[in-house]
Every structure is written in C-alpha cells, then in structure tokens.
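Colleague: Heads up: the sequence shown at position 380 corresponds to 366 in the numbering used here, and the numbers run straight through without jumps.
Sharing a structure below in structure tokens format, with a few things to ask.
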Amino acid sequence: MPTRGSGRGRLALALTLAAAALATCPAAVAAPSGEWLAGDLHIHTTYSHDSYGGPGDDNTGPDDFFSLGFTVAGQFTQARTRGLDYLAISDHNDIRSQTDPGFGSGGVIGVRGYENSLEGHAQMLGAGRLYANGESTGADVQRLADEVRADGGIFQVNHPANGSTSFPDDPDWGYLYEVVPDTVETWNISRLYQPPFPSGSSNDDAVRFWEGFLDRGHRVGATGGSDSHGVFTSALQGAGQPTTHVFVTERSERGVLEGLRAGRTYISVQPPAFGGPGIFLEADAERNGSFESIVGDTVAPGSPLRVRVRGAPGTFVRVFSDGGKKAFADVPVTGPDFQLQFESPAGATWVRAELFDPDGADARRAACEVQFGSQTTYCRNELLVTAMTSAIYLREAQAPPGAPGAGGPPRPGNLPATLRTPSGCHRRPFKATVTGEGIEAVRFSVDGRPRGAAVRRPDARDRYRVTVDPRRLRRGRHSVTARVSFAGAPAGALVASFRVCRAQSRGGDESRRSPRFTG
C-alpha cells in the first residue's frame, strides 16, 4: 500500500534511517552525484525546409510565410529566457546549425543532432555529421543506430504515433520494434494538440509504444520535445513545451547524452521559468531509508520506492508497471513538496510515475468514442498530463562482468539466435522461424498479441516456427516478436518486421475505412 507524508517529516525519518543503516552497512550504495538539467531535445530553425527564414531562405519560399521560424540564435535566446540549460537543434537532415554563430549562445549548452527522415523520424542526437540512410530498411536503420552510438550519440524514435488515430495499425514509425532505440519521444508538442486537428502526436499511443520496449526487457528512456518550428506558435509550442530534464554528472553535451543513454530523465509540461512541475521516482535499493537509486537504475524486486513531487499541489500521482497497468489507485498531491512511498507490484519488472490534472476523460469517452473514436483521439487520450518519468527497473542482481547476460537483458543483435521472415510484401500465410543454440522455448506474438500456441517445440532441424496469417491484419507494416528462453542464459526478444499488401479481410473494402488526417 502507498504511504504519504510531508517533506520535512519524511526527510527527518529518511536521514535517521540512513544514518543507522550506514553505521551497520559500510558498503551501502551512495546516491548518484550530479544535477538535473532542463532542456528541449526537439527544436527546428530556419535551416529546416518547413521553417521560413525570410527573403534569401534557400529551402523555403515566401508562400510559406505562415511558417516563419527562428534563427539558431533566436531559439537559444528563447531557451535562455525560459530557464533551459541545454537545447538540441534538430533540423530535418541538416546540420548547418552546428556552425552557426548562435549555436550554444546565451550560456545554454548546445546539443548537436538532426531529425532523420526514414519510415518515420529518428533523432540523431550528438551527431556531428549526416549519416547515409541507404534504402531505409530495418537493417539500414539498425546500422544507423549502431553508427551514431559508436560516435557517442543517441538514437531516438520521434513521435511514433504522429497524426495517427489508429496506432499501431497506422504508425508514423514504420519499424515498430524491429530496432531498439536508446530513447523514445513519448511527448511531442502539447497534449492538447490531438490528431486529426490541429495535428500532433497521439502521445498516449507513443507512451504505450515505449512501454512495449520495457515489456520486452529493454532499457529505453522517455523524452519529450516541443518540435517547435515557427514564431507564431511558440507561445504554446516553444522551447521547453514540454521540457526534458536529464540527470547529468557534468554540464556539457557529453553529460546530457550520457544521462539520456542511462534513461535518467523526466518530462514536464512547461519549462522552469513557466513553473513546470518536478517529479522524481526513486528506490531504496539498500533498504536503509536513503532512496539512492533514480530512474534508469536497476534494483531488486521488492525494493521500497517513492515518488517526490515538486510544485504541483492539486494534481494526482499515478504509477504504472508492466503492461501499462496501474500499480494502485490515483493519489492526490496535497502540497508543494509531496512524497509517496509504495511497494512495487508483485512480478513487475519496471515502474514509472506520472502527474496529471483531471480532464473529464470518462465523460469524453462516453460522449464521443462510439461515434468519433476512429477519427480522433480527443475522445480517449489524456489531455492534462503535467509530468512523467522514465522507468526504474526491477530485476535480480546482474551477473558479474563477462558472465552471460552481464549488463542487463541482451539486445537482439547479441542473442545467440536469429528470427527470420520471408522478404517482400505478404498476402498469404507465411512462417516466422527462430534458429539458435541452447534454446529451451520460444513464445511468438504479432504486434504484441500472442499467435498460436504459446510455446513451439523445435522441429527435426531444430527450428522454432509459427504461422503468421496476414489476412487477419491491416495493410501496412507489422512486427513479429519471438521471446526466446535459453538454457543457462537470460531470455531475450527478437523482432522482425513485415508488410501486408491487402486490407484487413474482416474490415471490408479498403475504401470504406475512415480517412487518416495528418494535418
């Protein structure tokens, strides 16, 4: 059961317990040394093709005057006035901002990067050069992710459900779970901007997409970005709306990238100068009252957890775990400095926390979901989320360095197994096949839904197979996931994408489907 109390009383109790524990446990883990920096990871300037820079703009004409944008110096000036510590300029496949005199001005840390147009958009954070996209296949995107990481950067999926009222059937990010990113932009633009108008990301679906990586055993951080393009919209969609707070060990681009890579982030609806709330998810891994672990860390199941909230009285806290399920009922925030202590749900492998204001969600669903639900997300999505955290992971102690599985769950490229599906676009049933050594069992799913028997035994040639029937799926890109269990090694997930070349058979003629509005 959750417990709550005032900041002073809990702080005194925590200090007393910590002192007693340290006296008897000299090996206790120390709290991380560093600070939280506020910034925006998704900002455009007039170097982008969809942001007008006035006469002389080389990629946008005067007929697009309504998209009048900011110069590099203008975006850094706005970031400074809003209390931001860092800013990532992410022009579309363009890095000229990095040599602009305004980059990194005003004492705001400049984070290099660009927004890469693939089947959807990826954020190449820390990129000091443009990378070759090849044919933008899943293999090409995996190579891109590996290359930017090798250069010290971060590979992020941007607004995976942009403009979609039917995610994941209508994704903006076409690769779904085929490539594991470092971070996912779970909050793009204001949550008041819902598809189809005035066009925006279905952020609720983006969060569920991100949680899918967590459910698959991957450590992926959550971020937000204003996606600010123009001067005329900057009052509600300017620098820091939303703000991504990153815990860093040094005030530099490298420090920001390291914090992102570790998943040490939380997102706030407004920048510091506008009173954006703070939310901190912490764990007491040593059970000594010190709560030394923060988001991005891994602690043992059953470790005490708490949420601290700053500057958000009158809002509500909710905590989610595996499968996006609530850990317990919503808890009201009763003061400017508030904390909630709780125990993780039995069997949970991750937890995250969120702040929100009531927004009449139940009434909206009842009033319009039946009639308009397929055409807009206003009926069902949360509109007044004010802050959210990345996850803390709940797992048993990791193996020593060098041992199988050390360093957390293996990524698909490191598993001693492979998943194959036939190439091309599919209209008829086909086989998805897993091969490898030391496999005990394989559980298959398509788009996150179990398919056929939960466990497939190997055939005569030591292969695990499942039949995928595209006639039951909508036209477009889908994913098949194989959760592989090994003898004497950690389990892991393999993901492959495939395309369906016909409409869903149960839905009738494709022309009868509701139109997609993209804005």
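Positions of the beta carbon are idealized from the N, C-alpha and C atoms, including for glycine.
Contact between the stretch 140 to 154 and the stretch 359 to 372 is defined here as three or more beta-carbon pairs at a separation below 8 Å; is this criterion met?
Modeller: The answer is yes - the stretch 359 to 372 touches the stretch 140 to 154, with three or more Cβ pairs under 8 Å.
Colleague: Here's the rule: buried if 16 or more other CB atoms are within 10 angstroms of the residue's CB, otherwise exposed. What is phenylalanine 195?
Modeller: The residue labelled residue 195 in the question sits at position 209 within the sequence shown. Label assigned to phenylalanine 195: buried.
Colleague: Spatial neighbours of leucine 104 within its chain, please: CB distance less than 7 Å, with the 5 preceding and 5 following residues excluded, ordered by chain position.
Modeller: Working through the sequence shown from its first residue, we reach residue 104 at position 118. Around leucine 104: Asn119, Ser122, Val127.
Colleague: Go to leucine 326, then tell me how far its beta strand (DSSP E) extends in each direction, as first and last residue.
Modeller: Sequence index remark: in the sequence shown, residue 326 carries index 340 (1-based). Here the beta strand (DSSP E) through leucine 326 covers 323 to 329.
Colleague: Measure the alpha-carbon distance for alanine 108 versus glutamine 142 and round it to whole angstroms.
Modeller: Within the sequence shown, the letter at position 122 stands for residue 108. Within the sequence shown, the letter at position 156 stands for residue 142. Their backbone Cα atoms lie some 6 Å apart in a straight line.
Colleague: Over what stretch of residues does the beta strand (DSSP E) that includes leucine 291 continue unbroken?
Modeller: In the sequence shown, the residue the question calls residue 291 occupies position 305. From DSSP, the beta strand (DSSP E) with leucine 291 extends over 290 to 296.
Colleague: For aspartate 316, count neighbouring C-beta atoms within 10 Å of its own C-beta (all shown protein chains included) and say buried if the count is 16 or more, exposed if not.
Modeller: As a working note, residue 316 is residue 330 in the sequence shown. Aspartate 316 comes out exposed.
Colleague: By alpha-carbon positions, which one of Thr32, Arg451, Ser176 ends up nearest to proline 415?
Modeller: Along the sequence shown, one-based indexing puts residue 415 at 429. Residue Arg451 is the option with its Cα nearest to proline 415.
Colleague: Along the beta strand (DSSP E) that carries alanine 339, what are the first and last residues, could you check?
Modeller: Translated into the one-based positions of the sequence shown, residue 339 becomes position 353. Segment 336 to 342, the beta strand (DSSP E) holding alanine 339.
Colleague: Starting from the C-beta of proline 287, find all residues in its chain whose C-beta is less than 6 Å away, skip the five residues before and the five after it, and write them out in chain order.
Modeller: The residue given as residue 287 occupies position 301 in the sequence shown. Leu380.
Colleague: Is it buried or exposed, leucine 291, if we count other Cβ atoms within 10 angstroms and call 16 or more buried?
Modeller: Here the question's residue 291 lines up with position 305 in the sequence shown. Buried.
Colleague: Which whole runs of the beta strand (DSSP E) in the stretch 240 to 274 are 3 residues long or more, in chain order?
Modeller: Taking only runs of at least 3 residues, the beta strand (DSSP E) segments lying wholly in the stretch 240 to 274 are 251 to 254, 264 to 269.
Colleague: Report the CB separation of serine 188 from alanine 147 in whole angstroms; it is logged as a contact under 8 Å.
Modeller: Position 202 of the sequence shown, counting from 1, holds the residue named residue 188. Position 161 of the sequence shown, counting from 1, holds the residue named residue 147. Right, the Cβ-Cβ distance comes to about 4 Å (below 8 Å), so this counts as a contact.
Colleague: Spatial neighbours of arginine 247 within its chain, please: CB distance less than 7 Å, with the 5 preceding and 5 following residues excluded, ordered by chain position.
Modeller: Position 261 of the sequence shown, counted from the first residue, corresponds to residue 247. For arginine 247, where only same-chain residues beyond five positions count, the Cβ hits under 7 Å are Ile140, Asp168.
Colleague: The alpha helix (DSSP H) spanning leucine 222 covers which residue range?
Modeller: Counting from 1 along the sequence shown, the entry for residue 222 is found at position 236. Element bounds for leucine 222: 220 to 223.
Colleague: Contact defined as beta carbons within less than 8 Å: I believe glycine 422 pairs with valine 454. What is the distance between those atoms, to the nearest angstrom?
Modeller: Mapped onto the sequence shown, residue 422 falls at position 436. Mapped onto the sequence shown, residue 454 falls at position 468. In fact, because the Cβ distance is near 19 Å, the residues do not count as touching under 8 Å.
Colleague: Just verifying my parser: in three-state terms, what is the DSSP assignment at cysteine 538?
Modeller: Summary: the structure shown does not reach residue 538, with the chain confined to residues -13 through 505, and so no result is reported for it.
Colleague: Have a look at arginine 457 and valine 166 and give me their C-alpha separation to the nearest angstrom.
Modeller: Taking the first residue of the sequence shown as position 1, residue 457 is located at position 471. Taking the first residue of the sequence shown as position 1, residue 166 is located at position 180. Rounded to whole angstroms, arginine 457 to valine 166 spans 27 Å at the Cα level.
Colleague: From valine 481 to threonine 335, what does the alpha carbon distance come to, in whole angstroms?
Modeller: Taking the sequence shown and counting its residues from 1, one reaches residue 481 at position 495. Taking the sequence shown and counting its residues from 1, one reaches residue 335 at position 349. Taking the straight line joining both Cα atoms gives about 20 Å.
Colleague: Cβ of glycine 462 within 8 Å of Cβ of arginine 485?
Modeller: Start at 1 with the first residue of the sequence shown, and residue 462 comes out as number 476. Start at 1 with the first residue of the sequence shown, and residue 485 comes out as number 499. Yes, these two residues count as a Cβ contact at 8 Å.
Colleague: Out of Gly333, Val432, Ser376, Ala468, which one is the CA nearest neighbour of arginine 449?
Modeller: Counting from one through the sequence shown, the residue named residue 449 turns up at place 463. The option with the nearest alpha carbon to arginine 449 is Ala468.
Colleague: Going by DSSP, name the residue or residues bridged to alanine 118.
Modeller: To locate residue 118, count along the sequence shown from 1; it is residue 132. Per DSSP, none; premise fails for alanine 118.
Colleague: Could you tell me which residues DSSP pairs with glutamate 171 in its beta bridges?
Modeller: Taking the first residue of the sequence shown as 1, we reach residue 171 at position 185. Thr209, per the DSSP bridge assignment.
Colleague: Return the first residue and the last residue of the alpha helix (DSSP H) that phenylalanine 89 is part of.
Modeller: Reading the sequence shown from its first residue, position 103 is the one you call residue 89. Segment: none, phenylalanine 89 is in no alpha helix (DSSP H) and carries neither H nor E.
Colleague: Following the continuous beta strand (DSSP E) through tryptophan 22, name the residue where it begins and the one where it ends.
Modeller: On the sequence shown, residue 22 is found 36 positions in, with the first residue counted as 1. Start and end: 21 to 29.
Colleague: Could you have a look at leucine 200 and say whether DSSP puts it in helix, strand or coil?
Modeller: Reading the sequence shown from its first residue, position 214 is the one you call residue 200. Helix, per DSSP.
Colleague: So the candidates are Arg82, Ala74, Gly20; which of them puts its Cα closest to the Cα of serine 34?
Modeller: Counted from its first residue, the sequence shown places residue 34 at position 48. That would be Arg82, whose Cα lies nearest to the Cα of serine 34.
Colleague: So, at 8 Å on beta carbons, what are the nonlocal neighbours of valine 432 in its own chain, with the 5 sequence-adjacent residues on each side left out?
Modeller: As a position in the sequence shown, residue 432 is number 446, starting the count at 1. Result list for valine 432: Val454, Leu459, His464, Ser465, Val466, Thr467, in chain order.
Colleague: Which of the three DSSP states, helix, strand or coil, is assigned to alanine 385?
Modeller: Start at 1 with the first residue of the sequence shown, and residue 385 comes out as number 399. Confidence in alanine 385 is poor, its pLDDT being 45 and thus under 50, which makes the residue's placement unreliable; the coordinate value appears in the next sentence. Alanine 385: coil per DSSP, three-state reduction.
Colleague: Quick check on the burial criterion: 16 or more other C-beta atoms within 10 angstroms. Buried or exposed for leucine 326?
Modeller: Within the sequence shown, residue 326 is the residue found at index 340, counting from 1. By the 10 Å Cβ count, leucine 326 comes out buried.
Colleague: Within a Cβ cutoff of 7 Å, which residues of the same chain sit near proline 318, ignoring the five residues on either side of it in sequence?
Modeller: For this step, residue 318 is matched to residue 332 along the sequence shown. Phe302, listed in sequence order.
Colleague: Residue range of the alpha helix (DSSP H) that valine 134 falls in?
Modeller: Numbered from its first residue, the sequence shown carries residue 134 at position 148. Looking at the DSSP string, the run of the alpha helix (DSSP H) that includes valine 134 is 124 to 136.
Colleague: Where does the unbroken beta strand (DSSP E) through alanine 451 begin, and where does it stop?
Modeller: Here residue 451 refers to the residue found at position 465 of the sequence shown. Before going on, a small fix: residue 451 reads as arginine here, not alanine. From DSSP, the beta strand (DSSP E) with arginine 451 extends over 449 to 454.
Colleague: How far does the alpha helix (DSSP H) with glutamate 355 in it extend, from its first residue to its last?
Modeller: Position 369 of the sequence shown, counting from 1, holds the residue named residue 355. First-last of the alpha helix (DSSP H) with glutamate 355: 347 to 358.
Colleague: How many Å lie between cysteine 530 and arginine 338 at the Cα?
Modeller: Residue 530 is absent from the structure shown; the chain starts at -13 and stops at 505.
Colleague: Smallest Cα separation from arginine 296: which of Gly275, Pro182, Glu340?
Modeller: The count along the sequence shown starts at 1 and reaches residue 296 at position 310. Closest by alpha carbon: Glu340.
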